[in-house]
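In this note's numbering, the protein residues as written are 36 to 175.
Accompanying notes for the structure given below.
Here it is as structure tokens:
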């Protein structure tokens, strides 16, 4: 059972480090992983991280992705972006057959009326990623 617990911890850390963005100058840091039991069989894993998008960013896309890990079928990944305490963007993505996931989002857009680029994301954001995982320990 201890091996399975260690594997879950490693998988959670890998998922947190799997948060990446396409622009090279956008960064994300892993902060915290919490696991909350839902019932005897499943738990909710929340990964909280910080994403920083510099003002001089020139690339249009960002990506949140997680590596293949334990997961419970039929439960999507929920991704939430916050600027301070204010919710900015929410997304839901399905888990692939190998347990990985990926969500692409616009960081920068072109305003066709003015011909100018607009930064959709700029500055620091808190990103919360929720996924349902199987329990590794019996609940009593």
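No residue lacks a Cβ here, since even glycine has one placed at the ideal position from N, Cα and C.
By the criterion of a C-beta distance shorter than 6 Å, residue 162 is surrounded in its chain by 84, 86, 116, once the five residues flanking it on both sides are discounted. Secondary structure note for residue 131: it is in no beta strand (DSSP E), with a DSSP letter that is neither H nor E. Rounded to whole angstroms, residue 95 and residue 145 show a C-alpha spacing of 9 Å. Secondary structure note for residue 80: its beta strand (DSSP E) is the uninterrupted segment 77-88.
Bounds of any beta strand (DSSP E) do not take in residue 94, whose DSSP letter is neither H nor E. Look at the region 116-170 and you find no whole run of alpha helix (DSSP H) that is 4 residues long or longer. Under DSSP, residue 68 takes part in a beta bridge, and its partners are 82. Within its own chain, the residues whose Cβ lies closer than 6 Å to the Cβ of residue 154, once the five positions on either side in sequence are excluded, are 143, listed in chain order. Looking only at 79, 114, 89, the smallest Cα-Cα distance to residue 170 is reached by 79.
Around residue 125, the same chain offers 115 as residues with beta carbons nearer than 6 Å, after the five sequence neighbours per side are excluded. Rounded to whole angstroms, the Cβ separation of residue 98 and residue 138 is 7 Å, and the two are in contact under 8 Å. Between the C-alpha atoms of residue 168 and residue 129 there is a straight-line separation of about 14 Å.
For residue 90, the closest of 148, 118, 111, 156 by C-alpha to C-alpha distance is 156. Closest in alpha carbon position to residue 123, among 71, 74, 158, is 158.
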